[in-house]
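**Q** These protein sequence lines map, in sequence, to chains B and L.
For the record, in the first sequence the residue sitting at position 150 is 150 according to this note's numbering, with numbers rising by one throughout.
For the record, in the second sequence the residue sitting at position 245 is 1245 according to this note's numbering, with numbers rising by one throughout.
Heads up, the beta-carbon is just placed ideally off N, CA and C, and yes, glycines get one too.
A single structure is presented below for examination.
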Amino acid sequence: MIISMQKPIEEILQSLEGEDTVYIVGCGECATMTQTGGEQEVADMKARLEEAGKTVVATDVAHSACHELDMKRIFRQSKEAAASADAFLVLSCGAGVQSVREGTSKHVMPGANSLFVGNVKRQMVFEEKCSLCGECVIDEYGAICPVTRCAKGILNGPCGGTNNGKCEVDSDKDCAWVLIYNQMKSEDKLDKFMTIHGPKRWNAVERPGRIDGRAADAEKGA
Amino acid sequence: MGTYREACESGKFVVSGEIGPPKGTSVDTMLHHIDLLKDMVDGLNVTDNQSAVMRLGSMAVSHEVVSRGGDAIYQMTCRDRNRLALQNDLLSAHFLGLRNVLTLTGDHVSVGDHKDAKEVYDFESVQLIQCIKRMNEGFDWAGNELEGGTDFYIGAVVTPESDPIAPQKLKFEKKVAAGAQFFQTQAVYDMDNFQRFMEYARGVTEGTDVKMMAGLVVLTSVGMAKYMNKFVPGVFVPDELLEEMGSVPKEDAVKKGMEICARHIRFCIDNKICDGVHVMAIGKEEIVPEILELAGLI
Chain B
1 MIISMQKPIE
11 EILQSLEGED
21 TVYIVGCGEC
31 ATMTQTGGEQ
41 EVADMKARLE
51 EAGKTVVATD
61 VAHSACHELD
71 MKRIFRQSKE
81 AAASADAFLV
91 LSCGAGVQSV
101 REGTSKHVMP
111 GANSLFVGNV
121 KRQMVFEEKC
131 SLCGECVIDE
141 YGAICPVTRC
151 AKGILNGPCG
161 GTNNGKCEVD
171 SDKDCAWVLI
181 YNQMKSEDKL
191 DKFMTIHGPK
201 RWNAVERPGR
211 IDGRAADAEK
221 GA
Chain L
1001 MGTYREACES
1011 GKFVVSGEIG
1021 PPKGTSVDTM
1031 LHHIDLLKDM
1041 VDGLNVTDNQ
1051 SAVMRLGSMA
1061 VSHEVVSRGG
1071 DAIYQMTCRD
1081 RNRLALQNDL
1091 LSAHFLGLRN
1101 VLTLTGDHVS
1111 VGDHKDAKEV
1121 YDFESVQLIQ
1131 CIKRMNEGFD
1141 WAGNELEGGT
1151 DFYIGAVVTP
1161 ESDPIAPQKL
1171 KFEKKVAAGA
1181 QFFQTQAVYD
1191 MDNFQRFMEY
1201 ARGVTEGTDV
1211 KMMAGLVVLT
1221 SVGMAKYMNK
1231 FVPGVFVPDE
1241 LLEEMGSVPK
1251 EDAVKKGMEI
1261 CARHIRFCID
1271 NKICDGVHVM
1281 AIGKEEIVPE
1291 ILELAGLI
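Next comes the structure, spelled out in structure tokens:
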């Protein structure tokens, strides 16, 4: 899921300066799991904005804020509130914020920073293991991604910064290459560790990414 | 003076020093160090934004070393440039007369002085070695034929005290397989450990012309030694050296460090441990001639 974290309230208030009426949008998926923009956080944000003298004209927690049709439907249903708002504060990842952008021409303010695609280790503990590089290579690495989990994203073994099996960039994090080595060793696949890998094909996805699955569906149907 | 490559290929015990370009335009001390060392060593490494700290460029200073009659080992990290820029710089370096390249992945930007920068690592060290090998064969990375290929002597690094060592060894073997022709190690202080590492490395490079140089960083105080043990991954100063450094008054510490360095050079020569040494005095290059003298090299 997309891991996000709320921006400091001072930054939010600064961005909303001069705008009296605010519409708050949350997200029922990732931002709820990360306690960034679920029902509770949206209610808390409403109270804080009101404390700061703002009028909150409406709050909505979208099923998924990144679903643009869903977002447009919400704004159609809350037409009056949407029309009366000076600004929209979105408590979700940047994808959700831009979904709101598609649904209004008014000031849209992100209320959170999007951090990474994260695995949920346990409640409120998240770790980045995939960086959506466009071409999955982890079969070559014991299903442990060096592109993401090595601070340098290098593909042919550890750098000189391995320190007691930890990463020199952050001693709380395991060196991905030690994990990969241990995994491949346990699978008796160290011969594969010796494969020299070329650099990533960074054009595997042309950015910004876009896929129109309808064409593929049409082909299947035909 | 001959070239670094000629020295390596001649089978003699090879000695290189290191020049760290300054942060700024005041180059007098650096030029003094180049002039002092250029005829005393077989080559001078020139570091590339070392420790991810922005400095005067490695290519320009390497060129200066060659212009002044020495030979330069142009250090190149993969941190700051993508594959187009790396190859562009390699062609430029070749044009300027540089012929030795030391390939490094490069310290992460988070340890340097521009922590907000985007690190690149489009290539890493093994891929950079492969790329230079291809350019030597007359092709760029994308497979296009070059109008004139390069003629680089390809260097690489290895960390004998890496913890754990097993994956580091495999990376070393990959660098050999990719085409590295000489290695300079990360700083080593425990000569028994280094001897054991070299027995392994000799096994890997057997039947090749790959040359192995011990990386020796001169200790200048007990504090420095302790700092490296604590904060520099892959560097280990054993207790007996800490004691030895501590056994002399503070003002004699540099001298003691020079003695230790000279003794380690001698150990490598007398026991035929490796093919040469790379001596790093980290800004105190004026002490290098005396170390080489103590080791009986000049």
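Is the separation between the beta-carbon of glycine 1215 (chain L) and that of histidine 1278 (chain L) shorter than 7 Å?
**A** yes
**Q** Taking all protein chains shown into account, decide if histidine 1032 (chain L) is buried (16 or more other Cβ within 10 angstroms of its Cβ) or exposed.
**A** exposed
**Q** List, in order along the chain, the chain B residues whose C-beta lies closer than 8 Å to that of arginine 1083 (chain L)?
**A** Those are Pro199, listed as they occur along chain B.
**Q** When the Cα of leucine 1056 (chain L) is compared with those of L:Gly1069, L:Gly1043, L:Glu1006 and L:Gln1075, which residue comes out closest?
**A** L:Gln1075
**Q** Specify, as a first and last residue, the run of the beta strand (DSSP E) that serine 4 (chain B) falls within.
**A** 2-6
**Q** Can you list the residues of chain B that histidine 1108 (chain L) reaches, using a CB-CB cut of under 8 Å?
**A** Ala151, Lys152, Gly161, Glu168 and Val169
**Q** With a 10 Å radius around its C-beta and 16 neighbouring C-beta atoms as the bar for buried, classify threonine 55 (chain B) as buried or exposed.
**A** Counting Cβ neighbours within 10 Å, threonine 55 (chain B) comes out exposed, since fewer than 16 surround it.
**Q** Using a Cβ-Cβ distance under 7 Å, would glutamate 1124 (chain L) count as near chain A?
**A** Any reference to chain A falls outside this structure, whose protein chains are B and L.
**Q** Using only CA atoms, which one of L:Val1218, L:Ile1291, L:Lys1230 and L:Gln1168 lies nearest to tyrosine 1200 (chain L)?
**A** L:Gln1168
**Q** Let me see if you follow: with CB-CB separation under 7 Å, is isoleucine 196 (chain B) close to chain L or not?
**A** yes
**Q** So, are the CB atoms of alanine 65 (chain B) and serine 92 (chain B) less than 7 Å apart?
**A** yes
**Q** How far does the beta strand (DSSP E) with glutamate 127 (chain B) in it reach, from first residue to last?
**A** 125-128
**Q** Could you work out which residues of chain B lie near glutamate 1306 (chain L), taking near to mean beta carbons separated by less than 8 Å?
**A** Because residue 1306 (chain L) is not part of the residues shown, which for chain L are 1001 to 1298, the question remains open.
**Q** Using a Cβ-Cβ cut-off of less than 7 Å, list which residues of the stretch 1224-1253 of chain L approach chain B; keep chain order.
**A** Pro1233 and Gly1234
**Q** Measure from the C-beta of alanine 1281 (chain L) to each C-beta in chain B and report whether the shortest distance is under 7 Å.
**A** It does not: the Cβ of alanine 1281 (chain L) has no partner Cβ on chain B nearer than 7 Å.
**Q** For lysine 121 (chain B), which residues from the same chain have a beta carbon less than 8 Å from its beta carbon, with the 5 sequence-adjacent residues on both sides left out?
**A** Taken in chain order, the residues that qualify are Glu127.
**Q** Interface residues of chain B around glutamate 1119 (chain L) at Cβ under 9 Å?
**A** Ala151, Lys152 and Gly153
**Q** For arginine 122 (chain B), which three-state DSSP category applies?
**A** strand
**Q** If the criterion is Cβ atoms closer than 7 Å, does the pair aspartate 1140 (chain L) and arginine 1083 (chain L) meet it?
**A** no
**Q** Assign valine 125 (chain B) to buried or exposed, taking buried as 16 or more other Cβ atoms, counted over all protein chains shown, within 10 Å of its Cβ.
**A** exposed
**Q** Using a cut-off of 7 Å between C-beta atoms, extract the partners of threonine 1303 (chain L) located in chain B.
**A** Because chain L is modelled from 1001 through 1298, residue 1303 (chain L) falls outside the range shown and cannot be assessed.
**Q** Taking 7 Å as the cut-off, decide whether the C-beta atoms of leucine 1170 (chain L) and glycine 157 (chain B) are in contact.
**A** yes
**Q** Run through DSSP, which three-state label would aspartate 1239 (chain L) get?
**A** helix
**Q** Which parts of the stretch 1193-1269 of chain L are runs of the alpha helix (DSSP H), unbroken and 4 residues or longer, counting only runs that do not cross its ends?
**A** 1222-1231 and 1239-1246
**Q** What residues in its chain sit with their C-beta under 8 Å from that of glycine 1283 (chain L), if we drop five residues either side in the sequence?
**A** Around glycine 1283 (chain L), the same chain offers Gly1020 as residues with beta carbons nearer than 8 Å, after the five sequence neighbours per side are excluded.
**Q** So is serine 1162 (chain L) in contact with chain B if we call contact Cβ pairs under 7 Å?
**A** yes
**Q** Scan the stretch 45-129 of chain B and note each continuous alpha helix (DSSP H) run of 4 residues or more that stays entirely inside, going in chain order.
**A** 68-77, 79-84 and 94-103
**Q** So, helix, strand or coil for aspartate 1035 (chain L), using DSSP?
**A** helix
**Q** Determine whether the Cβ of proline 1167 (chain L) lies closer than 7 Å to any Cβ atom of chain B.
**A** yes
**Q** Taking tyrosine 181 (chain B) as the query, report the chain L residues whose CB atoms sit under 9 Å from its CB, ordered along the chain.
**A** Pro1164, Ala1166, Pro1167 and Leu1170
**Q** Using a Cβ-Cβ distance cut-off of 7 Å, determine whether threonine 1159 (chain L) contacts chain B.
**A** Closer than 7 Å to the CB of threonine 1159 (chain L) there is at least one CB belonging to chain B.
**Q** Can you grab the Cα-Cα spacing for the pair phenylalanine 1219 (chain L) / lysine 189 (chain B), in whole Å?
**A** Going by the sequence as given, residue 1219 (chain L) is leucine instead of phenylalanine. About 41 Å.
**Q** Under 7 Å Cβ to Cβ from glutamine 183 (chain B), same chain only, skipping five residues before and after it: list those, please.
**A** Same-chain partners within the cutoff: Gly142 and Ile144.
**Q** Does DSSP put alanine 1007 (chain L) in a helix, a strand or coil?
**A** helix
**Q** Nearest-angstrom Cα distance between glutamate 1251 (chain L) and valine 1237 (chain L)?
**A** When only Cα atoms are considered, glutamate 1251 (chain L) and valine 1237 (chain L) end up about 20 Å apart.
**Q** Are leucine 1102 (chain L) and glycine 1149 (chain L) touching if we call contact CB-CB under 7 Å?
**A** no
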